[in-house]
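S.K.:
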Amino acid sequence: MTAAQSNQGTMQAVVSKRRFLLAMILARSLNAAGIGVLISASINLLYQLTRKQLQWEAKEKSKARGAESADEGIEGLVHQRVQRISTDISTLSTLLDFVLAPLVGRFMDAFGRMPTMLLAVGSSAVMRLSVATLPSLRLYVFYRVVVAITANAWFGASAASISDVFGRGSAAFAEATSRVQRYALLAMLTGTYAGRFVKEPQRAFAAVGFMQLLAAGCVGLCVTETLPSKGKMDWSLNTVSPLTSFAFFRKSKALTALAVLCTAMELPSHINIDAVYRRQKFGERWSNEQDSSQLVVYQISGVLSTLFRARLIAKLGQQGACRLDAWCTVIMNLNNALAWHPRLLYLNPLLSVFQCGGLSLDLELQKAAAAASLGVPGLRAVISAVVRCFFQGRRLIHCTTYVAV
Numbered sequence: 000m001t002a003a004q005s006n007q008g009t010m011q012a013v014v015s016k017r018r019f020l021l022a023m024i025l026a027r028s029l030n031a032a033g034i035g036v037l038i039s040a041s042i043n044l045l046y047q048l049t050r051k052q053l054q055w056e057a058k059e060k061s062k063a064r065g066a067e068s069a070d071e072g073i074e075g076l077v078h079q080r081v082q083r084i085s086t087d088i089s090t091l092s093t094l095l096d097f098v099l100a101p102l103v104g105r106f107m108d109a110f111g112r113m114p115t116m117l118l119a120v121g122s123s124a125v126m127r128l129s130v131a132t133l134p135s136l137r138l139y140v141f142y143r144v145v146v147a148i149t150a151n152a153w154f155g156a157s158a159a160s161i162s163d164v165f166g167r168g169s170a171a172f173a174e175a176t177s178r179v180q181r182y183a184l185l186a187m188l189t190g191t192y193a194g195r196f197v198k199e200p201q202r203a204f205a206a207v208g209f210m211q212l213l214a215a216g217c218v219g220l221c222v223t224e225t226l227p228s229k230g231k232m233d234w235s236l237n238t239v240s241p242l243t244s245f246a247f248f249r250k251s252k253a254l255t256a257l258a259v260l261c262t263a264m265e266l267p268s269h270i271n272i273d274a275v276y277r278r279q280k281f282g283e284r285w286s287n288e289q290d291s292s293q294l295v296v297y298q299i300s301g302v303l304s305t306l307f308r309a310r311l312i313a314k315l316g317q318q319g320a321c322r323l324d325a326w327c328t329v330i331m332n333l334n335n336a337l338a339w340h341p342r343l344l345y346l347n348p349l350l351s352v353f354q355c356g357g358l359s360l361d362l363e364l365q366k367a368a369a370a371a372s373l374g375v376p377g378l379r380a381v382i383s384a385v386v387r388c389f390f391q392g393r394r395l396i397h398c399t400t401y402v403a404v
């Protein structure tokens with residue numbers, strides 16, 4: 000092979016990577032813009048459906064007593080019911096993901112990244128269009144459970160696809176995934192702002208459903224399969240349980256410590272339902288506009304973080320990045336608990352700019368997967384199982400105590 004042919008092959012590889020990255024940015028951005036539109040619409044629809052059900056129950060009780068129905072005091076019951084429904088959704092999603100995560104990982108490694116992304120985003124689109132057409136509390140709960148599973152599959156498959164192209168645990172992967180997330184966060188920021196002008200939650204769900212269909216079309220037409228070699232899918236129910244994969248982390252002390260660290264860092268994000276907490280704590284001082292404004296600030300902070308987090312990891316090292324991330328999380332959770340005014344919560348987005356421990360851990364996971372000859376989705380499933388097994392009891396205790404307070 001001549002030098003000219005070698006240079007031509009290198010240029011073709013670079014162009015191919017750029018095209019792939021552009022397609023991933025477009026698909027992830029369409030999906031993220033839809034999520035931004037639904038950030039307020041989803042919780043508003045849950046409140047609407049819950050309030051309607053409680054009003055119907057109150058009327059039925061009044062008819063049975065032969066008295067006129069009264070809506071006094073129903074708002075406090077609405078908050079409690081929304082809290083309980085949110086907890087039930089999280090619990091059910093956790094239990095299903097606990098079992099299905101390894102199966103999704105196997106499916107990804109057997110059939111490919113692209114079919115997984117298509118199935119995930121297509122299922123989410125169908126569910127959201129269904130909620131927009133026939134909204135009901137039961138359908139909403141079912142939708143939330145399904146989307147919790149498909150979202151993990153979507154992000155897992157897209158991240159695995161990027162790692163296939165740019166190399167597991169490499170600096171190129173860190174830069175590429177930061178770029179994808181940067182544009183996705185900008186799209187989510189745009190969607191969150193646009194969501195303010197959509198007064199009816201059902202219309203927001205319909206718009207997002209069509210946007211996700213466009214994202215599915217982008218994946219199907221523009222993204223090529225990146226899985227180097229497809230394996231054989233194991234459908235055996237005897238091996239579906241993630242408990243069988245826990246032995247992986249006993250192979251070395253480093254992997255055991257990694258599992259404990261991942262679990263500890265994931266716990267705070269799983270034991271707090273912020274949307275309900277802020278409304279209960281601040282009452283009328285926390286409106287939908289403030290909720291949307293803080294989310295916009297978070298998204299801006301996320302965009303800023305993607306600009307320098309790869310360099311921050313290189314500067315601090317992976318251990319230093321994880322320590323900084325952990326301390327920021329501690330301060331943010333203390334601020335959530337102790338803040339006496341809504342404006343104090345804007346400290347959290349500022350701190351989130353410096354959080355890069357998640358990316359640092361992801362790089363370590365990919366290196367561990369390569370060293371153990373285990374697919375990245377499979378290793379993600381194992382981590383997911385460890386985290387969910389550990390935090391489930393903590394979540395129930397926390398939510399029960401919180402409602403009582």
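Quick note: the sequence shown uses numbering that gives the first Met the number 0, first residue 0, plus one each step.
No residue lacks a Cβ here, since even glycine has one placed at the ideal position from N, Cα and C.
#1: At what residues does the alpha helix (DSSP H) containing Gly208 begin and finish?
#2: Among Ile88, Ala156, Phe165, which residue has its Cα nearest to the Cα of Gly111?
#3: Among residues of its own chain, excluding the 5 on either side of Leu350, which ones have a beta-carbon nearer than 7 Å to its beta-carbon?
#4: Determine the closest residue to Val179 out of Gln354, Arg80, Arg18, Val352, with distance taken between C-alpha atoms.
#5: Within 10 Å of its beta-carbon, does Val81 have 16 or more other beta-carbons around it, so buried, or fewer, so exposed?
#6: Are Ala32 and Ala124 touching if we call contact CB-CB under 8 Å?
#7: Please classify Ala2: is it buried, with 16 or more other beta-carbons within 10 angstroms of its beta-carbon, or exposed?
#8: By DSSP, does Arg18 sit in helix, in strand, or in coil?
#9: Cutting at 7 Å between CB atoms, please list the residues of its own chain near Leu91, excluding the five before and the five after it.
#10: Roughly how many angstroms lie between the CA atoms of Phe106 and Arg27, to the nearest whole one?
#11: Where Arg83 and Thr93 are concerned, what is the direct C-alpha to C-alpha distance, given to the nearest angstrom?
#12: With Thr191 and Val296 assumed to form a contact (beta carbons below 8 Å), what rounded beta-carbon distance in angstroms separates them?
#13: What would DSSP say about Pro114, mapped onto helix, strand or coil?
#14: Would a check of beta-carbon distances place Ala214 closer than 8 Å to chain D?
#15: Whose C-beta lies closer than 7 Å to the C-beta of Ala406 among residues of the same chain, with five residues either side of it excluded?
#16: Taking the continuous alpha helix (DSSP H) assigned at Trp339, which residues delimit it?
#17: Drop a sphere of 10 angstroms on the beta-carbon of Phe412, count the other beta-carbons inside from all chains shown, and report buried for 16 or more, exposed for fewer.
#18: At which residues does the alpha helix (DSSP H) containing Tyr182 begin and terminate?
#19: With 16 as the cutoff for other CB atoms within 10 Å, does Gln318 come out buried or exposed?
#20: Under 8 Å between the Cβ atoms of Pro227 and Ser300?
#21: Identify the continuous alpha helix (DSSP H) that holds Gly166 and give its terminal residues.
#22: When the Cα of Tyr182 is compared with those of Leu333, Gly35, Ser15, which residue comes out closest?
#23: Restricting to Cα atoms, I'd like to know which of Lys16, Ser15, Leu29 is closest to Cys217.
#24: Counting along the chain, where does the alpha helix (DSSP H) carrying Pro348 start and finish?
M.R.: Considering the structure as presented:
#1: Walking along the sequence shown from the start, residue 208 turns up at place 209. Taken as a continuous stretch (DSSP letters only), the alpha helix (DSSP H) holding Gly208 covers 200-221.
#2: The residue you call residue 111 lines up with position 112 of the sequence shown. Closest option to Gly111, Cα to Cα, is Ala156.
#3: For the purposes of this step, residue 350 is taken as residue 351 along the sequence shown, with counting starting at 1. Contacts found: Cys327, Ile330, Met331.
#4: Start at 1 with the first residue of the sequence shown, and residue 179 comes out as number 180. Per the Cα distances, Arg18.
#5: Taking the sequence shown and counting its residues from 1, the one referred to as residue 81 is at position 82. That one is buried.
#6: Here residue 32 refers to the residue found at position 33 of the sequence shown. Here residue 124 refers to the residue found at position 125 of the sequence shown. No, the Cβ-Cβ distance between Ala32 and Ala124 is not below 8 Å.
#7: On the sequence shown, position 3 is the one that residue 2 refers to. Model confidence at Ala2 stands at a pLDDT of 49, short of 50, so the residue's coordinates are unreliable; what they give is reported in the following sentence. When all chains shown are included, Ala2 counts as exposed.
#8: Taking the first residue of the sequence shown as 1, we reach residue 18 at position 19. Reduced to three states, the DSSP call for Arg18 is helix.
#9: Here residue 91 is taken as the residue at index 92 of the sequence shown, counted from 1. Here the set comprises Val144.
#10: Start at 1 with the first residue of the sequence shown, and residue 106 comes out as number 107. Start at 1 with the first residue of the sequence shown, and residue 27 comes out as number 28. One C-alpha to the other measures close to 21 Å.
#11: As a first step, residue 83 must be located in the sequence shown, where it is residue number 84. As a first step, residue 93 must be located in the sequence shown, where it is residue number 94. The alpha-carbon separation between Arg83 and Thr93 amounts to approximately 15 Å.
#12: Residue mapping note: residue 191 aligns to position 192 of the sequence shown, counting from 1. Residue mapping note: residue 296 aligns to position 297 of the sequence shown, counting from 1. In fact, because the Cβ distance is near 10 Å, the residues do not count as touching under 8 Å.
#13: Counted from its first residue, the sequence shown places residue 114 at position 115. It is helical.
#14: In summary, chain D is missing from the structure at hand, where a single protein chain is found.
#15: The question about residue 406 has no answer here: the residues shown for the chain are numbered 0 through 404.
#16: Locating residue 339 in the sequence shown gives position 340, counting from the first residue. Counting along the chain, Trp339 falls outside any alpha helix (DSSP H), and DSSP gives it neither H nor E.
#17: Lying before the first or after the last residue shown, residue 412 is absent from the chain, which here runs from 0 to 404.
#18: On the sequence shown, position 183 is the one that residue 182 refers to. Per DSSP, Tyr182 belongs to the alpha helix (DSSP H) from 170-194.
#19: Indexing the sequence shown from 1 puts residue 318 at position 319. It is exposed - the Cβ of Gln318 has fewer than 16 other Cβ atoms within 10 Å.
#20: Walking along the sequence shown from the start, residue 227 turns up at place 228. Walking along the sequence shown from the start, residue 300 turns up at place 301. No, Cβ-Cβ distance for Pro227 and Ser300 is not below 8 Å.
#21: By one-based count along the sequence shown, residue 166 stands at place 167. No alpha helix (DSSP H) contains Gly166, which DSSP labels as neither H nor E.
#22: As a first step, residue 182 must be located in the sequence shown, where it is residue number 183. The option with the nearest alpha carbon to Tyr182 is Gly35.
#23: Numbered from 1 along the sequence shown, position 218 holds the residue referred to as residue 217. Cys217 has its Cα closest to that of Leu29, out of Lys16, Ser15, Leu29.
#24: Counting from one through the sequence shown, the residue named residue 348 turns up at place 349. From DSSP, the alpha helix (DSSP H) with Pro348 extends over 346-351.
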